[in-house]
Amino acid sequence: MRTLMTSLALAILAGGVVSGQQQKDLEILALVDHYDFYNVREPKDRSKFMFDTETAEGCEDILKHVLLTGATSVLWRPCSGSVMRYHSDEERFPLAVTPTDKRRVHQNESAVNGFISYNTAKIDIIREMMASIAASGRVPGVHWPFEETHHMGWTFGAWNLEHPEYWGVTKTGQVWSGRTSLAYPAVSDHKMRVLEELLERGARHIFIDAWRSGSWSPRFEYVKPELERWKARYGTEPPSDSRDPVWCKFVSETQHAWFKRVKKRLEAEKIPLTLGVQLVGDPDDPCDQTLIGRGIDWRVLVDEGVLDGLVVMGIAWDAKDPFGSTEKIYHDIVARCKGKCKVYFPIQAYDFTRKSFHSYAKATELTIAEVTAKLLELTRESGADGVVLEVVDYNNYPRAVRRELRKVSPYKSIED
Amino acid sequence: MAISSSVHLASCLAVCVLACMPAVSQGADWVSCGPARQLTFGAGNDSEPVVGHDGIIAFQNDEAGRYVIKCLKPGGKPEVLVDVKDHAFQPTWTQDGRLVYVVRHPMETAAKAIESGSEDGANLWIRQLDGTQVRLTKGLWCDYTPSIAPDGKTVRFVTTRGRHKVGDGAHLASLDLSNAGGDIREYTFAAYSSFSSAASPAVSPDGRLLVWAQVDGTYGNWRLHLASTSKLTTSVSMTEGSMSALSPRWSPDGKVIAFTGFRLGDPGWGVYVMDPPAGLMRRLEVGPGNSRNPAWSADGKRIVFESNRSGLYKLYEVDVDIRPDRARGRKATRVQSRVEGTLVVGELGSAPRLRFADGDLITAEKGPVGNWLFKEPKGLDFGDGPFYVKATFTLNKVKKDPQVVVGGYYPGMMIAWQFHTNAEGKLCFTSRSPEGMYLAVNSLSPIPLGVPCQAIGIHEPDGTLRFWVEGQQPVVMHHPKAAFLGQARMLTIGGSDGTIYPLDGTVHAMEVGRGYPQGVEALPTVEELFNQEVER
Numbered sequence: 001m002r003t004l005m006t007s008l009a010l011a012i013l014a015g016g017v018v019s020g021q022q023q024k025d026l027e028i029l030a031l032v033d034h035y036d037f038y039n040v041r042e043p044k045d046r047s048k049f050m051f052d053t054e055t056a057e058g059c060e061d062i063l064k065h066v067l068l069t070g071a072t073s074v075l076w077r078p079c080s081g082s083v084m085r086y087h088s089d090e091e092r093f094p095l096a097v098t099p100t101d102k103r104r105v106h107q108n109e110s111a112v113n114g115f116i117s118y119n120t121a122k123i124d125i126i127r128e129m130m131a132s133i134a135a136s137g138r139v140p141g142v143h144w145p146f147e148e149t150h151h152m153g154w155t156f157g158a159w160n161l162e163h164p165e166y167w168g169v170t171k172t173g174q175v176w177s178g179r180t181s182l183a184y185p186a187v188s189d190h191k192m193r194v195l196e197e198l199l200e201r202g203a204r205h206i207f208i209d210a211w212r213s214g215s216w217s218p219r220f221e222y223v224k225p226e227l228e229r230w231k232a233r234y235g236t237e238p239p240s241d242s243r244d245p246v247w248c249k250f251v252s253e254t255q256h257a258w259f260k261r262v263k264k265r266l267e268a269e270k271i272p273l274t275l276g277v278q279l280v281g282d283p284d285d286p287c288d289q290t291l292i293g294r295g296i297d298w299r300v301l302v303d304e305g306v307l308d309g310l311v312v313m314g315i316a317w318d319a320k321d322p323f324g325s326t327e328k329i330y331h332d333i334v335a336r337c338k339g340k341c342k343v344y345f346p347i348q349a350y351d352f353t354r355k356s357f358h359s360y361a362k363a364t365e366l367t368i369a370e371v372t373a374k375l376l377e378l379t380r381e382s383g384a385d386g387v388v389l390e391v392v393d394y395n396n397y398p399r400a401v402r403r404e405l406r407k408v409s410p411y412k413s414i415e416d
Numbered sequence: 001m002a003i004s005s006s007v008h009l010a011s012c013l014a015v016c017v018l019a020c021m022p023a024v025s026q027g028a029d030w031v032s033c034g035p036a037r038q039l040t041f042g043a044g045n046d047s048e049p050v051v052g053h054d055g056i057i058a059f060q061n062d063e064a065g066r067y068v069i070k071c072l073k074p075g076g077k078p079e080v081l082v083d084v085k086d087h088a089f090q091p092t093w094t095q096d097g098r099l100v101y102v103v104r105h106p107m108e109t110a111a112k113a114i115e116s117g118s119e120d121g122a123n124l125w126i127r128q129l130d131g132t133q134v135r136l137t138k139g140l141w142c143d144y145t146p147s148i149a150p151d152g153k154t155v156r157f158v159t160t161r162g163r164h165k166v167g168d169g170a171h172l173a174s175l176d177l178s179n180a181g182g183d184i185r186e187y188t189f190a191a192y193s194s195f196s197s198a199a200s201p202a203v204s205p206d207g208r209l210l211v212w213a214q215v216d217g218t219y220g221n222w223r224l225h226l227a228s229t230s231k232l233t234t235s236v237s238m239t240e241g242s243m244s245a246l247s248p249r250w251s252p253d254g255k256v257i258a259f260t261g262f263r264l265g266d267p268g269w270g271v272y273v274m275d276p277p278a279g280l281m282r283r284l285e286v287g288p289g290n291s292r293n294p295a296w297s298a299d300g301k302r303i304v305f306e307s308n309r310s311g312l313y314k315l316y317e318v319d320v321d322i323r324p325d326r327a328r329g330r331k332a333t334r335v336q337s338r339v340e341g342t343l344v345v346g347e348l349g350s351a352p353r354l355r356f357a358d359g360d361l362i363t364a365e366k367g368p369v370g371n372w373l374f375k376e377p378k379g380l381d382f383g384d385g386p387f388y389v390k391a392t393f394t395l396n397k398v399k400k401d402p403q404v405v406v407g408g409y410y411p412g413m414m415i416a417w418q419f420h421t422n423a424e425g426k427l428c429f430t431s432r433s434p435e436g437m438y439l440a441v442n443s444l445s446p447i448p449l450g451v452p453c454q455a456i457g458i459h460e461p462d463g464t465l466r467f468w469v470e471g472q473q474p475v476v477m478h479h480p481k482a483a484f485l486g487q488a489r490m491l492t493i494g495g496s497d498g499t500i501y502p503l504d505g506t507v508h509a510m511e512v513g514r515g516y517p518q519g520v521e522a523l524p525t526v527e528e529l530f531n532q533e534v535e536r
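Have a look at this one:
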């Protein structure tokens, strides 16, 4: 399988080279949550699954589908810190699945996902897929939300469950297992060990997603070390409103310290560190969504040279002037980054924020393929380095959209 | 939005009820324990201990890379009791020395198991006295955390059977032990709650009460719930939402519950004991590390638990001296129920009025989206006590955006509580946490269009939302904690206070008040549940 992929990659690369390029190709970062493929059924036999996501074959088939987008980097979800999708030493017994660990909540969306267990699969999925992606000629990497805190405890990490002493705390003193605080050195160390596991498995691009970080926010950072640090600095109690920009800035210092630690580790191997940020409208907004919602100030990280790449997961464009407002935001963000790091803009398929290509299409009466072409053009014109696909599921980027994406990719000649 | 006078609710009968206030105090000297003694040694983690009547401890061990059930006789060494080549775990003794446990059957992959029509999920088995093992349940579901009822005839457990929605966890179930493979009786919790899951149900020694652990919502912690076994649909939280509490076990005399707990400031998981009717709770000083899954000896004088103080989880025991004293019990807080505001509708198209408890009336102002605004309404300062909202309305059309039926606004807190519809046409009842986060509960199915529909939402002091929508099962959601509500700034009917979320429909009647509406039973207190049990 891997040999075939390598041959295919070489052939495609060659095709890309000889096609001649009048414009520089864009990087296309494809984010892959392979779990999303678990319940795709065979069209002709609905009792069969198209992708057995616990197997090497199933994962390879998913990769093939993802590569149809012209992706240049494939960033696979490791769910490190959540229910891990590889054989992690950070998540040993008690097995982090229901019901052997009764603290976990069973995921019942369908019987199949209730019994999926990636961390005990026969293959080490991250190791396997990093190798396959590399063999295909693409950059293998991970799309790492620190925690997946979806719908109660079925995604909370086993390490979290074993270490309540590091849990997040609200202003009113409620503990919460959805996130352990980086204010504790033990938590920072744990996440560094996770990083080592990912690197050892072949990840060559570390993309940390501050948007898809579940439900964590500075609301849960009223932990003892942060309270003491605040008291030492200000001599007062911290604000009770966890969205207070001063509190969020304060919390960001702790988050940033960890990012710097990661940067230092990756620098030696020249592995890029990329950050995904939430909906951006005005890049100088003092109440930037990522700052208020995640306690991370991407502007500081860019200015300090901590980031190699900035992924803007959503653009707060104006429905009155969809492309004009998009163009301005693109320009402002690129200017804000001043060449200090790469910049990637979104080609969004999912409409959670009502800013996806579906919403553009609705606002402009263009097709989603036409919208994609326009967004790619604007991305190029802005001087950004590429686009991000969040996330590539089964046909959520339809064939016509994939065709447009491949036009700006080095992988133009893939048959779809 | 229009307001019609076709239906008019005018129930102003004040009732006196008891509110459930799960404030649990520490107490002083009602419990003590001796030093911990290590019971098991060697490889692998030992966990989930249970102590039989003859003193034999059954537990699970993971040395083999999977769970095997072992037993430890007094003065003896651990012996393998159940090794089924799959995971065998969460053992529980019957009174006559049989063992019920869970087997998670192996599957190549989940997809292949489904495609092959497998009925091997995680199911209950029983080891008979002669050593034979009999399967009790089957199906590609999870049946787990079993315990034996004091009658010795039934096993209580939780199951994922029949739940197919995101966020659906496990619910309570029971099975007649003599009926292997037979019908499983399933129970929902206090009514039905999506985004909820249960674990570790345990029946009190006298058979009257059931305690279990339950978690609700993304931000929720595991909490202990208590209900009468004859009425599981009315449960109360015994632990506060600010802490995490799991694995409850009754003391043999039924007076005290031991459980696994963690609350702010603890060094890790700990063994807690609770004297529920007295409202006393204490973390036992059993030593360093995580200490979990307490199990009582038959005489109630020892507690066996697992701890990782040595690196691996091993079993330990402590002597305990517990002196429950119900005379020190907490006093339930009495809340005077009262209708604080009633919508009074006039001629069609004329401004409605709001009548307060003292008889005063104010007239609504027309809002920007055809809705009605009552400014500075009196009496809606519910503090941290229970309150309710009751409305009868007709929805004409489902929209992608929310449509607000009724909403309460407070200084610094937009929409502190409301009824609104969602894109699925369901009705949602929301309030706020102390941090201002939305607490929400949704009707189970869309409300009917074009006909009047009545809904009642009750906001309990502990963050629990109870919600009745006409023609549907009641829904309950236990949130960690509720916001304190001072004097209201505005009450809106048929839309928000701004320019969005108008209701395409008609509000016929609305009532809001403190406590509970007429005809709705208040939740019993923990004390009441225990006392009812004693009286019987």
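Chains as they are written, first to last, in this note's numbering: chain A, 1 to 416; chain V, 1 to 536. Using N, Cα and C, we set each Cβ at its ideal position, and we do this for glycine too.
As DSSP reads the structure, V155 of chain V sits in a beta bridge with V:I148, V:L175. Proximity of C142 of chain V to chain A, defined by a Cβ-Cβ separation below 8 Å, is satisfied.
L175 of chain V is positioned such that its CB atom lies closer than 8 Å to that of T137 of chain V. Judged by DSSP secondary structure, P245 of chain A falls within the alpha helix (DSSP H) whose first and last residues are 245-267. Distance between D266 of chain V and E165 of chain A, taken at the CA atoms: about 7 Å.
In this chain, T506 of chain V is not harboured by any alpha helix (DSSP H); it is covered by the beta strand (DSSP E) spanning 505-514. Pairing P205 of chain V with P252 of chain V gives a Cβ-Cβ distance under 8 Å. Distances from the alpha-carbon of N160 of chain A to those of A:Y411, A:F357, A:V83 put A:V83 closest.
Chain A places a beta carbon closer than 8 Å to that of N290 of chain V, counting this residue as a contact. Within chain V, the residues whose beta carbon sits less than 7 Å from that of R219 of chain A are E435, listed in sequence order. When the beta-carbon positions are compared, G324 of chain A and S217 of chain A stay at least 8 Å from each other. Taking 8 Å as the CB threshold, T353 of chain A stays off the interface with chain V. The C-beta distance from R323 of chain V to F305 of chain V rounds to 21 Å, too long to meet the 8 Å contact threshold. In this structure, the alpha-carbon of Y388 of chain V lies about 6 Å from that of G513 of chain V. Listed along chain V is no residue with a C-beta nearer than 9 Å to that of G281 of chain A; the closest approach is about 19 Å.
The beta-carbon separation of T342 of chain V and G178 of chain A, rounded to 41 Å, does not stay under the 8 Å limit for a contact.
Taken atom to atom, the span from the alpha-carbon of P74 of chain V to that of I56 of chain V is near 6 Å. Residues of the stretch 200-230 of chain V with a Cβ closer than 8 Å to any Cβ of chain A, in chain order: S200, V215, D216, G217, T218, Y219, G220, N221, W222. Between G457 of chain V and F429 of chain V, the C-beta spacing is below 8 Å. For the 8 Å CB-CB criterion, V302 of chain A and Y344 of chain A do not form a contact. The beta-carbon of F262 of chain V is placed less than 8 Å from the nearest beta-carbon of chain A.
Residues of chain A with a Cβ closer than 8 Å to the Cβ of S244 of chain V are, in chain order, P164, V175, S177.
Residue contact with chain V for F115 of chain A: present (Cβ-Cβ distance below 8 Å to some residue of chain V).
Between the beta-carbon of V391 of chain A and that of A369 of chain A there is about 19 Å, and that puts the pair past the 8 Å contact cut.
Listed in chain order, the non-local C-beta contacts of E27 of chain A below 8 Å within the same chain comprise T72, S73, K342, Y344, D385, G386, V387, local neighbours out to five positions each way being set aside.
R104 of chain V reaches chain A at P99, T100, counting residues in chain order whose Cβ is nearer than 8 Å.
Looking at the DSSP output, T92 of chain V shares a beta bridge with V:V100. Per the coordinates, the alpha-carbon of A416 of chain V lies some 48 Å from the alpha-carbon of K112 of chain V. Secondary structure at A213 of chain V: strand, using DSSP grouped into helix, strand and coil. Between the alpha carbons of I329 of chain A and V280 of chain A lies a gap of roughly 8 Å. In the three-state reduction of the DSSP assignment, V97 of chain A falls in the coil class, being assigned neither a helical nor a strand state. Identification of residues in the stretch 40-69 of chain A having a C-beta nearer than 7 Å to some C-beta of chain V yields S47, K48, F49, D52, E54, T55, given in sequence order. When Cβ-Cβ separations below 8 Å define contact, T72 of chain A makes no contact with chain V. Only residues of its own chain outside the window of five on either side were considered, and among them E119, G121, N123, R161 have a CB closer than 8 Å to the CB of G139 of chain V, listed in chain order. Here the alpha carbon of S445 of chain V sits roughly 45 Å from the alpha carbon of V82 of chain V. Around the beta carbon of H53 of chain V, a 10 Å sphere encloses fewer than 16 other beta carbons of the protein chains shown; the residue is thus reported as exposed.
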